[in-house]
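*Asks:* UniProt numbering applies: residue 1 is where the sequence shown begins, and numbers increase by one. Positions of the beta carbon are idealized from the N, C-alpha and C atoms, including for glycine. Here it is, the structure in full.
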Amino acid sequence: MRQRRRYPAVIDLFGSTGSLIESRGALLASHGFITLSLAYFGYKDLPSVITEVDFEYFEEAIEWFINHEQVSSENGIGVLGTSLGGIIALYIVKQCPQVSAVISINASPAFFVFSIRHNGKQLPSSSLDYGSFKVKDDGSLLALWKVDESKLFYFDETCRSKVLFLISGDDQVVYTSDYYLWFDKLTPTKRKDVEFIMYEGAGHLLEPPYTPLFHTCYTALYGRPTVFGGYPRPHAEAQEKSWLKIREFFAENL
Numbered sequence: 001m002r003q004r005r006r007y008p009a010v011i012d013l014f015g016s017t018g019s020l021i022e023s024r025g026a027l028l029a030s031h032g033f034i035t036l037s038l039a040y041f042g043y044k045d046l047p048s049v050i051t052e053v054d055f056e057y058f059e060e061a062i063e064w065f066i067n068h069e070q071v072s073s074e075n076g077i078g079v080l081g082t083s084l085g086g087i088i089a090l091y092i093v094k095q096c097p098q099v100s101a102v103i104s105i106n107a108s109p110a111f112f113v114f115s116i117r118h119n120g121k122q123l124p125s126s127s128l129d130y131g132s133f134k135v136k137d138d139g140s141l142l143a144l145w146k147v148d149e150s151k152l153f154y155f156d157e158t159c160r161s162k163v164l165f166l167i168s169g170d171d172q173v174v175y176t177s178d179y180y181l182w183f184d185k186l187t188p189t190k191r192k193d194v195e196f197i198m199y200e201g202a203g204h205l206l207e208p209p210y211t212p213l214f215h216t217c218y219t220a221l222y223g224r225p226t227v228f229g230g231y232p233r234p235h236a237e238a239q240e241k242s243w244l245k246i247r248e249f250f251a252e253n254l
């Protein structure tokens, strides 16, 4: 019986919309990666809200995936996450040595407002400064999240994962300064494993090429349209460049 071919593996996580989103995972699969698009709340029998999700769920998913007969895991597996999914991806780096390459898109290493549970306890999260929010003339909400420095989580010297941050310069959800605040606290050894790429003029929801720009988008957290940012031309260019970088990064590190 002929042995089945094995492929570099990536777990794909989206953000606070919940449900199961498979479009990006399907595109990655078309480029030679075996991909697990992982829903973690708001889908079928999963918890309805993120605060009911336990980190053990991700640990079990990683263990199952890495032992799949078509996964090439000698060099570890990768995780790709956007927004809340990116925060979880960064926390996975801290906890799971099987993961060797992580890409975080517009997500700083700290939970905001809501977080997941780990070892029976809710992970610390930054609260929102509602006093800094603004309602624009069109009724949309401008609600930049500023991280509480004490809630940032860091990687220790035992972590061997490569980490790539893809950052949108016009992200109206996460302060870009938060990334550098965190980076400055890393040891020189760990800094070598971290890369930042900034895309000026791009908005918060940075997806694969030819996806429409969502400058303003309804969010369940606030119950109203919320500004995500971005300008059409630079955002479209950022989609093309970031998608190429995602594939190159995983191909190099898995």
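Hey, would you say Q95 sits closer than 9 angstroms to F55, going by beta carbons?
*Replies:* Taking the first residue of the sequence shown as 1, we reach residue 95 at position 95. Taking the first residue of the sequence shown as 1, we reach residue 55 at position 55. Going by C-beta atoms, Q95 is nearer than 9 angstroms to F55.
*Asks:* Can you give the Cα-Cα distance for A39 and I21, rounded to whole angstroms?
*Replies:* Translated into positions along the sequence shown, residue 39 becomes position 39. Translated into positions along the sequence shown, residue 21 becomes position 21. A direct Cα-to-Cα measurement between A39 and I21 gives close to 7 angstroms.
*Asks:* Just the C-alpha distance for P188 and L13, rounded to the nearest angstrom, thanks.
*Replies:* The residue given as residue 188 occupies position 188 in the sequence shown. The residue given as residue 13 occupies position 13 in the sequence shown. Taking the straight line from one Cα to the other gives about 29 angstroms.
*Asks:* For T51, which option in G32, D178, F41 and Y91 has the closest C-alpha, if you only look at C-alpha atoms?
*Replies:* Here residue 51 corresponds to residue number 51 of the sequence shown, with the count starting at 1. If you compare the alpha carbons of G32, D178, F41 and Y91 with that of T51, the shortest gap goes to F41.
*Asks:* Does the beta-carbon of E149 have 16 or more other beta-carbons within 10 angstroms, so that it is buried, or is it exposed?
*Replies:* As a position in the sequence shown, residue 149 is number 149, starting the count at 1. Classified as exposed, E149 has fewer than 16 neighbouring CB atoms from the shown chains inside 10 Å of its CB.
*Asks:* Have a look at N119 and S126 and give me their C-alpha separation to the nearest angstrom.
*Replies:* Sequence index remark: in the sequence shown, residue 119 carries index 119 (1-based). Sequence index remark: in the sequence shown, residue 126 carries index 126 (1-based). Rounded to the nearest angstrom, the two C-alpha atoms are 20 angstroms apart.
*Asks:* In or out: A89 buried (at least 16 other Cβ within 10 Å) or exposed?
*Replies:* One-based indexing of the sequence shown puts residue 89 at position 89. So A89 ends up on the buried side.
*Asks:* So, with DSSP's three-state summary, where would you put E74?
*Replies:* On the sequence shown, residue 74 is found 74 positions in, with the first residue counted as 1. Correct three-state label for E74: coil.
*Asks:* What first and last residue would you give for the beta strand (DSSP E) that runs through V93?
*Replies:* On the sequence shown, residue 93 is found 93 positions in, with the first residue counted as 1. For V93, no beta strand (DSSP E) run applies; the uninterrupted alpha helix (DSSP H) run containing it begins and ends at L84 to Q95, by DSSP.
*Asks:* Apart from the five residues just before and just after S242, which ones in its own chain have a Cβ nearer than 7 angstroms to its Cβ?
*Replies:* As a working note, residue 242 is residue 242 in the sequence shown. Contacts found: L166, Y199 and L206.
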